[in-house]
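J.:
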Amino acid sequence: MERYFFDDHAQAIAKRQYLQEGDGDILGMFRRVAREIAKVEKPEDRAYWEEKFYNLMASKRFSPGGRILAGAGTAHGNLLNCFVQGATENPPESFEGIMEVAKKLALVTKVGGGNGVNLDPYRSRGGRRRQTVRGVAYLSAEHKDVEDFIRGLMRPPTNPDGPKEEIALKNFVRVVYGELTPELKALAERYGVLTVKEPPQELIRVPDDMGGIIEAAKEAAHLARRGQEPHVDFSLLRPEGAPIRGSGGTSSGPVSFLFEIFDNFLEWAALGAEAAGPVATLRYVYAPVLRVVRQGGTRRGAGMATLSIEHPDLLDFLTAKDLDREKAEGDISTFNISILVPDAFMKALEEDALWPVTPIEVPGKYYPYPLEGPYTGQIPNLPEREDGAKPIPLFGGKVPARWLWHEIAWHAWATGEPGLIFVDRINALSALKGLGERYQIRSTNPCFVGSTRIPTEHGLVPIAELAEKGSFFLVTDNRAPFGGVGHPLPHTGTTVRRAAKAFFTGVKPVVRLRTREGLELTLTPDHLVLTPEGYREAGTLKPGDRVLVQSGEGLFPKEDLLPPPVLAVVREQVATAGSRSGQGQEDVKAQYAHLPTRWSQELGVALGWLLGDGYLREDGVGFYFSRKDFEEVSWLPTLLRDWFGRGTLQETPSNTYHLHFNRIPAEFFQALGVKPAKATEKRVPESLFRAPREAVVGFLRGLFSADGSVQVNPRKQDATVRLASSSLGLLQDVQLLLLNLGIYGRIHRRRAAGHKLLPDGRGGRRAYPVAEQYELILGGQNRDRFAEAVGFLQPEKQEKLRAFLQQRSRGSYRKPFVATVASVEPAGTAPVYDLTEPVTHSLVAGGLVCHNCGEIPLTVGEPCDLGALNLAAYVKDGEFQMAEFRKDIPTAIRFLDNVLDVNRFVLPDNEEAAKKLRRLGLGVMGLADALIKMGLPYSSEKAREKVYEIISAMREEAIRASEALAEERGPFPLYEEHRDYFQALGVKPRRNVAVLTVAPTGTTSMLMGVSSGIEPVFSPFVWRRIGGEYKP
1 MERYFFDDHA
11 QAIAKRQYLQ
21 EGDGDILGMF
31 RRVAREIAKV
41 EKPEDRAYWE
51 EKFYNLMASK
61 RFSPGGRILA
71 GAGTAHGNLL
81 NCFVQGATEN
91 PPESFEGIME
101 VAKKLALVTK
111 VGGGNGVNLD
121 PYRSRGGRRR
131 QTVRGVAYLS
141 AEHKDVEDFI
151 RGLMRPPTNP
161 DGPKEEIALK
171 NFVRVVYGEL
181 TPELKALAER
191 YGVLTVKEPP
201 QELIRVPDDM
211 GGIIEAAKEA
221 AHLARRGQEP
231 HVDFSLLRPE
241 GAPIRGSGGT
251 SSGPVSFLFE
261 IFDNFLEWAA
271 LGAEAAGPVA
281 TLRYVYAPVL
291 RVVRQGGTRR
301 GAGMATLSIE
311 HPDLLDFLTA
321 KDLDREKAEG
331 DISTFNISIL
341 VPDAFMKALE
351 EDALWPVTPI
361 EVPGKYYPYP
371 LEGPYTGQIP
381 NLPEREDGAK
391 PIPLFGGKVP
401 ARWLWHEIAW
411 HAWATGEPGL
421 IFVDRINALS
431 ALKGLGERYQ
441 IRSTNPCFVG
451 STRIPTEHGL
461 VPIAELAEKG
471 SFFLVTDNRA
481 PFGGVGHPLP
491 HTGTTVRRAA
501 KAFFTGVKPV
511 VRLRTREGLE
521 LTLTPDHLVL
531 TPEGYREAGT
541 LKPGDRVLVQ
551 SGEGLFPKED
561 LLPPPVLAVV
571 REQVATAGSR
581 SGQGQEDVKA
591 QYAHLPTRWS
601 QELGVALGWL
611 LGDGYLREDG
621 VGFYFSRKDF
631 EEVSWLPTLL
641 RDWFGRGTLQ
651 ETPSNTYHLH
661 FNRIPAEFFQ
671 ALGVKPAKAT
681 EKRVPESLFR
691 APREAVVGFL
701 RGLFSADGSV
711 QVNPRKQDAT
721 VRLASSSLGL
731 LQDVQLLLLN
741 LGIYGRIHRR
751 RAAGHKLLPD
761 GRGGRRAYPV
771 AEQYELILGG
781 QNRDRFAEAV
791 GFLQPEKQEK
801 LRAFLQQRSR
811 GSYRKPFVAT
821 VASVEPAGTA
831 PVYDLTEPVT
841 HSLVAGGLVC
851 HNCGEIPLTV
861 GEPCDLGALN
871 LAAYVKDGEF
881 QMAEFRKDIP
891 TAIRFLDNVL
901 DVNRFVLPDN
911 EEAAKKLRRL
921 GLGVMGLADA
931 LIKMGLPYSS
941 EKAREKVYEI
951 ISAMREEAIR
961 ASEALAEERG
971 PFPLYEEHRD
981 YFQALGVKPR
991 RNVAVLTVAP
1001 TGTTSMLMGV
1011 SSGIEPVFSP
1021 FVWRRIGGEY
1031 KP
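If you want it as structure tokens, here you go:
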């Protein structure tokens, strides 16, 4: 039998990280692992495969991932390296969502799993002041760890086998209760710890299980964020070092949980909890969980945190692990951090363009420095602040991509953090990119035409205009499923969320989706629209299908200053109008002294009445009032004359009043976006889509008062509010404005274009051409909402509506916020745009609930199943043994596939994701050593050629092995669900959706005594820290 040898360094690493009771040494460890992984095989084949797996590892040709070495054959049974965790039951950015992820991190870390979290959904750090709520921590005098509790002693998470150290609490007062010995009482007095006979009745009692510990910490943080003092009893927790059944590890003890989890959770709550920002959430919630929860009693947890380069907190994230910040704010060394970089950023970098993000200030690190004028490629020398903060050059709220890239690169060089993840590249190479958002990292094909209106903090703005801004807030419909996957949720309404950015995606074929209710949307045929059954591609929708409509109020701008073109009329036209004499100009200035400069409900009413019963020409603007309206709404003509001068008021033969103003008022309304148009071509002025809420409400009130009606049907006990117009476009615009108030109106065609006999003014009748007529109708709860939020100016109309609502014998029926597809037709090609909303991956576009472009590095819940072939072991006498290498690959693939069936999953969503795709991660280690043994410089062309040859062979054999396993065991389940899709791609049935990866192999490469992953050798001699000791 061949003898295998591992040196003392390898044995020390194994003892610290991987050895379990009974292993003895590394070879015993490999025997345990091989035996466990072979259990999946048929009973008669297990001995054969155990030996194959053992020899592959013991000969140093293959090393499984560290979790497999540590976990195989143990009580907890977790063998997978990393799980991408996310909230699946709560909004990810909410308090509940963050706590849900914290609990998942704890449960997975407990059994030895690593974790990945994407921080993109979390809102940007706010500017609120820190609260000063403190908690009270209790421990029974009978608890074994009571002296450590009093002294504040715990083992540092970075060295769990080292001596205990004193740690200072920031947010808790300690109390010991019960019968204390005189010595214990004296010790408590010495350390300022309070003592009581009995604890209070109202306590959060921390249970002795990991899920319960996080739930208790969640309750404490919840009280603190509300300004209440949490009282927490830790007496039920087992003492430090006590064994934990089911994990094979030992307890961290009550003191560690108090200091690490509870104290940090309260710090997070004091900073604003979910409003504290992604970095604070990482530092005070996720990192402490990974620090304190021991993995198999031997090591602290490890994680990967990612944030998009499009997030305003990017620089806060970039500097989060700086040593001075970790010392002052708290350690997050348990996490590696990486930035998600899309192709759009790299393009901006290549073109030396601006990147549409406005990074927040990072005290002592970065501060915003707005610059005047356009960016010309030159960044002036800007001063550092007194606290050492570097200036962020901002041009119109955007930062030069080149400057941002330099900061990232410098930090990576100086500190080793952050890494970069090129999300678009990952998706382009994904075998699942055609199966919808559930399996995509990023989808940039589905898009909208540039005129599509999106409800945002800037108003109902075309998406093309949003592409010129950085991140912004928008509303999403509450029925949109989290993560962009699954059936609609049951609750209507809207939620404000942050969109990372909008962007141009190209010129593409589009279709026009029309609904029977009047809503229209032009988009690419592959764009997903939410239906009651889930997301559907627009191009697959058929007449009669139903789609979801915005079901709650949107956002409105807070800025009430009128647009610059209007202010120019006020300031410039008035200043230069009048006769050449000074007196003439003074008269004009006096006439227009009260022209509005800010939005108001009254100005909205005037605009609405103008569109309903008015006109605009190049030389003037006019308003019509019936005699009754002139009396009931007399304040409106009075206000118009106060704004625009006396004008000309005439009573017409048809018993109406005509109020006319001249050129400057006409220019004022033109600057607001009112156009001289025929009745069939009227539209809502563009400025109204960006106006504050009160102005929009005023506009709708004015328009409905001028052209709307209340129709009551006593027999049916029903009433509707209606707005008639020969302009379909006007009613569609009004429909969107109403939707942004949570009011859903349906548009009906009432009359076709043609001819109609009408009085000819001479006592006779003749046929006149008439335009098509449409009606916007509000019924049920939408009528009620209109009466409450908008209403009519005329007392008679308002009273008619109010009387019906008061006298009805039954409540209003609820009209669902859905629309019925009328048609989906090709609409040529057009420039198209999309945006990224990272929580629900949705948006409201043109009133319809749609999917957006998302970016998810891995499916939530999906794990890493890692192992690596040691390339250096295949070099003999300067030659790479390709035949031997190829022969070992199927064994390594079989080993990793078995791991997925041997593994015991803690969380159901992790198991579902892992087994549906059966993703493997076979990689390599020892590349640099292999090249050295072959005499090839790492950066040489011959080295690249040899690496290409090796990895190509590895890919061929790995895929072939997976196909062979599919014949034996069946393909991965998703293949069966989408067999036609995969066969169209030329993909034969495989056992695994993916088989290869390039992982860093940090500790396992040290175990094998070779260079890590594909990294070069940076020095011929290095010291490594193994435990608390540095060794050469």
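Just so we're aligned: 212 in the UniProt record's numbering is position 212 of the sequence shown, and the numbers increase by one with no gaps anywhere.
Built from N, CA and C at the ideal position, the CB exists for glycine as well.
Rounded to whole angstroms, what's the CA-CA distance from ASP780 to LEU595? Just pull it up for me.
T.: It should be pointed out that residue 780 corresponds to Gly in this sequence rather than to Asp. Near 40 Å, if we compare the C-alpha coordinates of LEU595 and GLY780.
J.: Using the Cα positions of LEU394 and MET346, report the straight-line distance between them to the nearest angstrom.
T.: Their Cα atoms are separated by approximately 19 Å.
J.: Return the CA-CA distance between ARG226 and VAL117, expressed in angstroms with no decimal places.
T.: 27 Å
J.: Since GLY921 and ALA999 should fall inside the 8 Å C-beta cutoff, what is the C-beta to C-beta distance between them, to a whole number of angstroms?
T.: 6 Å
J.: At what residues does the beta strand (DSSP E) containing MET925 begin and finish?
T.: 921-925
J.: Rounded to whole angstroms, what is the Cα-Cα separation between TYR367 and PHE504?
T.: 29 Å
J.: Return the CA-CA distance between GLY272 and ILE37, expressed in angstroms with no decimal places.
T.: 47 Å
J.: Which same chain residues end up closer than 7 Å to ALA14 when comparing Cβ atoms and leaving out the 5 residues on each side of it in sequence?
T.: ILE26, MET29, LEU1007
J.: At which residue ranges does the UniProt domain "DOD-type homing endonuclease" (606-743) contain complete alpha helix (DSSP H) runs of 4 or more residues, listed in the order of the chain?
T.: DSSP runs (the alpha helix (DSSP H)) wholly in the UniProt domain "DOD-type homing endonuclease" (606-743): 627-632, 635-644, 663-671, 693-707, 728-739.
J.: Mind checking whether VAL605 and ARG701 have CB atoms under 8 Å apart?
T.: yes
J.: LEU730: which of LYS678, ARG751, VAL832, ILE743 sits nearest, CA to CA?
T.: Nearest option by C-alpha distance: LYS678.
J.: Rounded to a whole number of angstroms, what is the C-alpha to C-alpha distance between THR88 and PRO908?
T.: 11 Å
J.: DSSP state of MET934, grouped into three classes?
T.: coil
J.: Comparing C-alpha positions only, which one of GLN773, GLU386, GLU350, ASP901 sits nearest to LYS365?
T.: Comparing Cα-Cα distances from LYS365 to each of GLN773, GLU386, GLU350, ASP901, the minimum goes to GLU386.
J.: So, using beta-carbon positions, are PRO676 and ARG722 closer together than 8 Å?
T.: no
J.: To which residues does DSSP link residue 1034 through a beta bridge?
T.: Nothing about residue 1034 can be reported from this structure: the residues present for the chain run from 1 to 1032 only.
J.: With a cut-off of 8 Å on the beta carbons, I'd call VAL285 and ASP316 a contact; round off their distance for me.
T.: Contact flag wrong, Cβ pair sits at about 15 Å.
J.: For LEU323 and VAL146, what's the separation of their Cα atoms in angstroms?
T.: 33 Å
J.: Going by DSSP, what residue range makes up the alpha helix (DSSP H) through ASP888?
T.: 882-902
J.: Tell me which same chain residues have a C-beta within less than 8 Å of the C-beta of LEU737, skipping the five on either side of it?
T.: LEU460, VAL684, LEU688, PHE689, VAL696, PHE699, LEU700
J.: Using C-beta distances below 7 Å, list every residue in its chain close to ALA845, excluding the 5 sequence neighbours before and after it, in chain order.
T.: PHE448, THR452, ILE454, LEU521
J.: According to DSSP, what are the bridge partners of GLU537?
T.: LEU528
J.: Contact defined as beta carbons within less than 8 Å: I believe ILE309 pairs with ALA320. What is the distance between those atoms, to the nearest angstrom?
T.: Rounded, the Cβ-Cβ distance is 15 Å, inconsistent with contact.
J.: Per DSSP, which residues does ASP477 bridge with? Please list them.
T.: DSSP links ASP477 through a beta bridge to THR494.
J.: Within 10 angstroms of the Cβ of HIS660, are there 16 or more other Cβ atoms? Answer buried if so, exposed if not.
T.: buried
J.: Which of the three DSSP states is assigned to GLY152 in this structure?
T.: coil
J.: Look at PHE265 and ALA217 and say whether their C-beta atoms are less than 8 Å apart.
T.: yes
J.: Is it true that the region 704-721 meets the region 469-489, where meeting means three or more beta-carbon pairs spaced less than 8 Å apart?
T.: no
J.: What number of angstroms, rounded off, separates the C-alpha of GLY534 from the C-alpha of VAL821?
T.: 15 Å
J.: Any idea if THR376 is buried or exposed, counting beta-carbon neighbours within 10 angstroms, 16 or more meaning buried?
T.: Burial check for THR376: the Cβ neighbour count within 10 Å stays below 16, so the residue is exposed.
J.: When the Cα atoms are used, what is the spatial distance from GLY791 to PRO374?
T.: 46 Å
J.: May I have a chain-ordered list of the alpha helix (DSSP H) segments no shorter than 4 residues that lie completely inside the region 338-388?
T.: 343-350
J.: What number of angstroms, rounded off, separates the C-alpha of GLU963 from the C-alpha of GLY24?
T.: So the alpha carbons of these two residues sit roughly 38 Å apart.
J.: Taking only runs of the alpha helix (DSSP H) that begin and end inside the region 152-240, which ones reach a length of at least 4 residues, in chain order?
T.: 182-190, 210-225
J.: Take ALA287 as the anchor and find which of ILE261, VAL547, ALA401 has the nearest alpha-carbon.
T.: ILE261
J.: According to DSSP, simplified to helix, strand and coil, what is HIS406?
T.: helix
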